[in-house]
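So the structure is just underneath, and the comments pick up after that.
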Amino acid sequence: MERQPRYVWLADQLRRPILRGELVPGTRLPSRTRLARNYRVSEQVSRAALRLLAMEGVVEARQGSGYFVREDPARVRVLRTDTSSVPGMGGLRREVEGTEQQPGQPPVSTRLRLRRGDPVYLTSALGMALDTPVALHLSWEPALVTTGTPHTPFDAEPGDGLLDRLEAAGHPVDGVVEEVCLRALREAEAALLCASAGTPALVVERTHYCGGRPVETSDLVSTTDQCRLVYRLSLPRPRNPAEPG
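Dropping the structure here:
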């Protein structure tokens with residue numbers, strides 16, 4: 001069996017008392033030097049362990065002060081399966097940043113089944129909770145889908161729904177696929193969300209289909225501190241044996 005790296009082992013030793021509640025939010029962790037001495041590891045190992053915990057959101061680094069156990073933040077609940085989630089914002093107030101046409105590049109062109117360089121419309125929007133941006137929504141459409149119609153993203157009025165616009169253009173959506181992943185927040189995203197690059201981020205990749213053809217794909221990006229995804233699933237009603245088959 002492959003041996004566990006020392007920094008991962010040390011992170012486990014520090015994580016356990018935090019998750020058990022033995023170290024309350026706001027508690028300052030020992031310095032890298034003290035950790036190295038207490039656990040008989042190098043300072044390089046203790047530094048890597050602290051950085052791993054910070055990436056996980058368990059602790060936070062304060063400039064010039066060290067590492068502290070993080071507060072459990074209040075998260076916005078983003079609904080993904082009701083009518084309010086159609087624009088991809090799950091009930092958040094949508095504030096459009098702008099729309100531009102650009103050559104499609106992987107992985108977006110792959111998700112839309114386009115050739116590299118085929119034109120797409122990119123619409124950027126922020127999801128606002130009160131006056132705070134908590135989510136970034138990026139939507140890409142193949143330009144071919146609505147070009148030549150009065151239903152391109154450039155023609156959209158505030159409050160226009162994506163599905164209504166695509167249907168008016170002759171592409172009614174009949175299928176949706178979502179994938180959720182966790183990755184580090186990128187610098188451009190962090191600037192818009194008033195967060196730190198490298199913070200753990202939730203990403204929801206949603207693709208709309210018409211007759212099996214992708215007609216739009218989007219990313220909903222938020223830090224794990226800011227949002228929690230809520231999925232409501234309908235279960236089939238059990239058939240009454242007395243009912244005719």
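Residue numbering for the sequence shown follows UniProt numbering, starting at 1 and increasing by one per position. Cβ coordinates follow ideal geometry from the N, Cα and C atoms, glycine included. Quick caveat, the model's predicted, so the values are computed rather than measured.
Start and end of the beta strand (DSSP E) containing M128?
P119 to A129
Between E100 and the rest of its own chain, which residues show a CB-CB distance below 6 Å, the 5 nearest in sequence each way excluded?
L122
Where does P153 fall in DSSP's three states?
helix
In or out: Q4 buried (at least 16 other Cβ within 10 Å) or exposed?
exposed
So, under 8 Å CB-CB, P236 and G57 are touching, yes? Tell me the CB distance rounded to an integer number of Å.
Between G57 and P236 the Cβ distance is about 37 Å, and since that is not below 8 Å, they are no contact.
Mark E204 as exposed unless 16 or more other C-beta atoms lie within 10 angstroms of its C-beta, in which case mark it buried.
With the sequence shown as reference, residue 204 is identified as Val, and Glu is not the correct amino acid for it. With 16 or more other Cβ atoms within 10 Å, it is buried.
By how many angstroms is the C-alpha of W140 removed from the C-alpha of D225?
Their Cα atoms are separated by approximately 26 Å.
Identify every residue that forms a DSSP beta bridge with G98.
S124
Tell me which same chain residues have a C-beta within less than 7 Å of the C-beta of L53, skipping the five on either side of it?
A11, L14, R15 and V59
Per DSSP, which one or two residues make a beta bridge with P48?
The question names Pro, yet the displayed sequence has Ala at residue 48. Beta-bridge pairing links A48 to no other residue.
Residue burial classification, L185 (beta-carbon count within 10 angstroms, cutoff 16):
By the 10 Å Cβ count, L185 comes out buried.
Less than 8 Å separating the beta-carbons of L229 and V180?
yes
Buried versus exposed call for Y7 [16 or more other C-beta atoms within 10 Å across all chains shown]:
Classification of Y7: buried, given that the 10 Å Cβ count is 16 or more.
Taking the C-alpha atoms as reference points, what is the distance between R47 and R32?
6 Å
Range of the contiguous beta strand (DSSP E) that encloses V221:
Annotation: the continuous beta strand (DSSP E) that includes V221 extends over R213 to T223.
Give me the residue from V24, W9, P25 and G21 with the minimum Cα distance to L35.
It is W9.
Can you tell me which of R232, L233, Y231 and D219 puts its alpha carbon nearest to the alpha carbon of P107?
D219
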